[in-house]
Every structure is written in C-alpha cells, then in structure tokens.
Amino acid sequence: MNATLAGFLQAFALVALLALSYRPLGDYMAYVLSTRKHSRVERGIYRLIGVDGDAEQTWSAYLRSVLAFSFISVVFLYGFQRLQEHLWLSLGFPAVSPAMAWNTAVSFVTNTNWQSYSGEATMGHLVQMAGLAVQNFLSAAVGIAVVTALIRGFIRHKSDTLGNFWVDLTRLVLRVLLPISVVFAIVLVAGGVVENMHAAHVINTLSGATQSIPGGPVASQEVIKELGTNGGGFYNANSAHPFENPNAFTNLLEIYLLLVISFALCRTFGTMVKSQKQGYAIVSVMGLYWTASAALITFFEHQHSGVAAKIAGAAMEGKEVRFGIPASSLFAASTTLTSTGAVNSMHDSYTPLGGGVTILNMMFGEIAPGGTGSGLYGILVLAIVTVFVAGLMVGRTPEYLGKKLGAREMKFASLYILTTPAIVLCGTGLAMSLSAGHGGGMLNTGPHGFSEVLYAFTSAANNNGSAFAGITVTSNHWQEALGLAMAFGRFLPMVFVLALAGSLAKQQHTPESTGTLKTHSPLFVGMLSGVVLIVVGLTYFPALALGPLAEGLH
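Per our numbering, numbering of the sequence shown is gapless, rising by one per residue and ending at 859.
Right, here's the structure in full:
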C-alpha cells in the first residue's frame, strides 16, 4: 500500500470514529452538565472545599472562581517544581529554575503546555504525575466549564446566574475526563506505549557504546495530554517519540483523542439549546476548515525542492518515516487547529507554506474544532459577530438563539476578537525590535526567523504550545514574555465570554419572526466561514506576508 492511499484510509477512519462518537459523547456531556443530581463522591468534594453544590453563581462570581482556582493552581505547580529535588521520585533531578518553573506552571494551567525543557531530563515522575498531569485534567475542565456558562446564557431568560463553576469542574473531571482516560490508557499500553515507574536504564549497544533508555508513566498521561487538548509531552520529542507514539494505530488514536471532545461539544451545544440544527451548523464550519487545513498541509509537504527532497519524493525532513507525509500532515493540522500543541513531526522543518498553514490555524483562534471548550466559545463569539453583520445588511435588530445582540453584547464580542491578535502582534513586534528578542536565541534570520518568533507568540497567546523550535527560549526574557502571553491569552478572553454570557442570560426570550436569520441554514454556514476568514485575514495578513508567504514565494 502506498503512502497516499494509506493517508486517505487513515483520514477516512478518523472521520468515521469522530462521527460515531459525536452523538453519544455530546449527549452524555449535556446530561452531565445539566443534571441536578450529585454523586456521593461529588458531595464529599463539595463539603471538603466548602461549596454548596445546589447554589448558583452570577457571571462575576463564576469568573472569580475561575481566576482564583487558576491562580492557586499556578502557585501550587510553581512550588512543586521548585521543591522537586526534595520530593519522592525526583530521579535525582534538581529544582527547576524560577523562570522555567513560572513558564511551565502558567503553561499547564492555561492549557498551553508550552515546554522550554526536555521532559525526560528535567522533571521527576512525581512532578509529571501529580503536578503536570493533574493540570491536564483541570485546565481542560475549566475550558469546558466556561463554554457551558456561555450556553446557559443563551438558554436562560431573565436570570442572574450561570451555574456553579465548582460543580461543573468536578463533574467534568470525574464523569468525563477520568473514565475516558482510564479506558484509552489501557488501549495505548496494548498498542505499545510504555507505562512504568522506571528511571533511565543504561544499556550497552551492539557497537559497544552506552545508551540511556528513559521510562515513566507515559500511557496514563498520553491520553489526557491529547483528550484535554493539552499537548505537553512526557519526552522532549513529544508524539514523535516511539515510547509515546510507536505506530500508525497509536498515531490515529491520538489524533482521534485530541479532536473528539471539541467536535462532540457541538452536539452538547445543540442538545442544551434544544436545536440540533444549530450544533450541525457550527460543526459544519469546524469540519470545513479542518478538512481544508489537512489537505493544504499535505499538498504543500508533497511539493519538494532540492536533491534530497526529490529523492525522497516529498519534504520528509523532520518527519518520522513510520508516519510519512499524510499522517504527519493530518496530525499537524489537527494539533494546531485545536489548542493541543502535541507534535509527531518538526513543524520548523515543514515547507514555508506548509508551516504557514500551521500558523494560520492557530491565528483562526483554534476554532476548528479548537480546544476543549475554548474552541466552541470562540466560534460562538464569531457566530454572534456574523449575526450582527447580517442584521446590519438587512436593517434588522440582530438576534441569535432568541437573544438580541445590542451594543453591550457586541462590545464584549469585539474585545474577545481583538485580545489575542493584540498579544500576538505586539509580542512579536517587541521581540523583533528588542535585542533580547532579535539577538538572544534566534537561530535563523530573514523570513524564516521572523516566522519562528511569530509562531512562538501565536502559539502562546492562543494556548497551543507547539513551536517552530528554531529559537532558544530558555532565557529569562523568553520564559517571562511567553508566560505573560499565555496568561493574558487564556484569561482575558474568558472575562469577555463570561460577561457576554451574563448579559445574554438577563434578557428575555425573543420569538423568531420572518426577519430572523436562520442560523442553521447553509447560508449562515457560508457567512460564518467567510467572517472567520476575513477577520483573520485582515488582522494577520501583514505578519504572514513578512514570514511564511515571503519565504514561500522566494
């Protein structure tokens, strides 16, 4: 079987798996987030943390809970790393430096999982399991909780409350993320992913040299790394490492895991607003952009120049031979269109236009399907903008799901859309203008060097976590700058989303009329797709023209 046919079959199998999971998982998450019943374990957790599981919160109280929980998580994870050398299972590793500990703590709490370190040479097993892996669960649950609050804003009328953050967080971890992770960890172990508590083994090779073989509890962390769209690898090579991703079967499974919740949340949305057509409209836009991205990256990576690439038949630099172009491109498109950031190939070695597509994917706001929760609330904000634009075109008050979109709602939506580009473009501009950015750590010059810096800030602000890796980001300057980009890129949009949700919840329901835009029609799908492209194109095109487009055209 040739690589092209294998790539088509893998993509077909992936779509089939996602389609089979869409309804049951989406409906199950809707039930988990809607039921009034608490399990005995959940009630015990509520008593432990001093929360009334039956009480509800206003949008501001919900936001304060999100921010307070995230702040405490950063402090805890920072301290965990700084005390590593005194902890059990440290494997003899010293404490993580202050700047790196700050960057890593913010990275994992914000669901970014940007790694400026080599996992197998920096973190002990306890920090990996009880620190980083725990945040993989919690940060994913926080994103889903926030979009749940936004959905409640649409379905509630004349209400001041949006649910209870602590209840949503607890249920999502215990009822959704943990059970799926347990099942698929066993599947990954069966597929060849390692799972042990070993330190590195030193062996003698056939040539007489010695080699260190690292072990660790990899499979149990690999699942939530993908399922929660986290992306932080146990090893430095991430999902290109044979211990994390040994074969084509595990590769397909990992791509499925990083997409399944974000796509299924569209079903959850449709179930909760009592209109599956609305969910199908949103998932159609997501699917359209995901398909286009995977096809474009695959096409560009098959365009080859130079002797080595012509002999290989494609741009194979930086890619695992066991995966080839199609599987690598499919993974690259999926991981940059979600906020996962896991990689099974080196994006820095992609062709200029292929690498440019991965940057563009993140610039879209990672909405196709995006991170767990963050992708759905991102595209819903864009849907609100689309409805507003359509309302202006026909001269009617814009309405979406029975809620009028006035000046207050559009201010929140506009601020949401402007936040991430401001962080990306200002951060990139400062890094290129300051000596600490231009001279400190950049290994390439010209358009490709600019693309590497642009990728870094785009990845950080959009909470993706992957990198072109052509810049050295271990200096204090990069650790601090990217840490701030991750924090602002995660929490400022949440402020506007929850404020928008609170504003919507206070409104009364507006019945549909003959002038109401059908937001489940093919026309709306096309309009939303166009708004996404125009907003991103107008915002980021100058930066893309200086980086990947200039390099590709040259």
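All C-beta atoms, glycine included, are put in the ideal place defined by N, C-alpha and C.
Which value, in whole angstroms, describes the spacing of the CA atoms of residue i and residue j?
i, j, result
"Ala318", "Ile485", "20 Å"
"Val758", "Ala790", "13 Å"
"Tyr585", "Ser402", "47 Å"
"Met832", "Thr691", "7 Å"
"Leu557", "Ser634", "12 Å"
"Phe554", "Leu563", "15 Å"
"Gly742", "Gly661", "At Gly742 the pLDDT is 49, less than 50, meaning the model places this residue with poor confidence; the figure from the coordinates comes in the next sentence. Approximately 21 Å, taken between the alpha carbons."
"Arg348", "Glu622", "53 Å"
"Leu394", "Ser464", "50 Å"
"Tyr655", "Ala637", "10 Å"
"Ala792", "Val439", "18 Å"
"Leu323", "Val565", "6 Å"
"Leu330", "Gln386", "35 Å"
"Gly659", "Leu601", "7 Å"
"Ile722", "Ile684", "10 Å"
"Lys624", "Ala774", "14 Å"
"Leu739", "Asn769", "24 Å"
"Ala613", "Ala620", "At Ala613, the pLDDT of 48 sits below 50, so the modelled position is not reliable and the matter cannot be decided from this model."
"Ala490", "Gln812", "44 Å"
"Thr779", "Glu856", "26 Å"
"Ser580", "Glu500", "43 Å"
"Asn552", "Leu843", "40 Å"
"Val487", "Gly497", "16 Å"
"Val413", "Ile350", "First, the residue type needs correcting, since residue 413 is Phe and not Val in the sequence shown. Rounded to the nearest angstrom, the two C-alpha atoms are 23 Å apart."
"Gly629", "His782", "36 Å"
"Thr663", "Pro547", "23 Å"
"Phe539", "Thr475", "25 Å"
To the nearest whole angstrom, what separates the beta carbons of residue i and residue j, a pair I think is in contact under 8 Å?
i, j, result
"Ala545", "Asn649", "5 Å"
"Val714", "Leu809", "Looking at the sequence itself, residue 714 is Glu, so the reference to Val does not match. Right, the Cβ-Cβ distance comes to about 7 Å (below 8 Å), so this counts as a contact."
"Ala410", "Tyr383", "4 Å"
"Ser370", "Thr415", "Not confirmed; about 16 Å, so no contact."
"Phe398", "Gly429", "5 Å"
"Gly262", "Thr603", "Only positions 306 to 859 of the chain appear in this structure, which leaves residue 262 out of reach."
"Ser365", "Phe796", "That belief does not hold up - the Cβ atoms of Ser365 and Phe796 are roughly 14 Å apart, past 8 Å."
"Tyr682", "Val451", "6 Å"
"Val363", "Gly711", "Checking the sequence shown, residue 363 turns out to be Thr, not Val. In fact, because the Cβ distance is near 20 Å, the residues do not count as touching under 8 Å."
Residues bridged to residue i by DSSP?
i, result
"Lys709", "Glu704"
"Val507", "Ser517"
"Lys624", "Ser650"
"Ile684", "DSSP lists no partner for Ile684."
"Ile776", "Met747"
"Thr363", "Thr466"
Would a C-beta distance cut-off of 9 Å place residue i and residue j closer than the cut-off?
i, j, result
"Val588", "Phe605", "no"
"Leu706", "Ile460", "yes"
"Ala599", "Ser639", "yes"
"Gly675", "Met591", "yes"
"Val481", "Ile449", "yes"
"Ser764", "Trp419", "yes"
"Leu434", "Ser525", "The sequence given here places Met at residue 434; Leu does not occur at that position. For Met434 and Ser525, yes; Cβs fall inside 9 Å."
"Asn666", "Gly537", "no"
"Pro477", "Val337", "Rather than Pro, the amino acid found at residue 477 in this sequence is Leu. Cβ atoms of Leu477 and Val337: closer than 9 Å."
"Leu787", "Ser421", "yes"
"Glu549", "Ala542", "yes"
"Val686", "Leu805", "yes"
"Arg457", "Met577", "yes"
"His814", "Lys582", "no"
"Gly520", "Ala504", "yes"
"Val626", "Gly820", "no"
"Gly852", "Ser771", "no"
"Phe762", "Ile728", "yes"
"Ala848", "Thr733", "yes"
"Ala400", "Gln389", "yes"
"Tyr760", "Ala673", "no"
"Gly680", "Leu570", "yes"
Is there at least one non-hydrogen atom of the ligand FMN closer than 8 Å to the beta-carbon of residue i?
i, result
"Ser589", "Although the ligand FMN was asked about, the structure shown includes no ligands whatsoever."
Complete alpha helix (DSSP H) runs within the segment 365-421 (minimum length 4 residues, chain order) = 403-414
Ranges of the alpha helix (DSSP H) found wholly within the segment 570-610, counting only runs of at least 4 = 581-606
Alpha helix (DSSP H) runs contained entirely in the segment 756-817, provided each spans 4 or more residues = 781-810
Entirely enclosed alpha helix (DSSP H) segments - the segment 328-357, minimum 4 residues | 345-354
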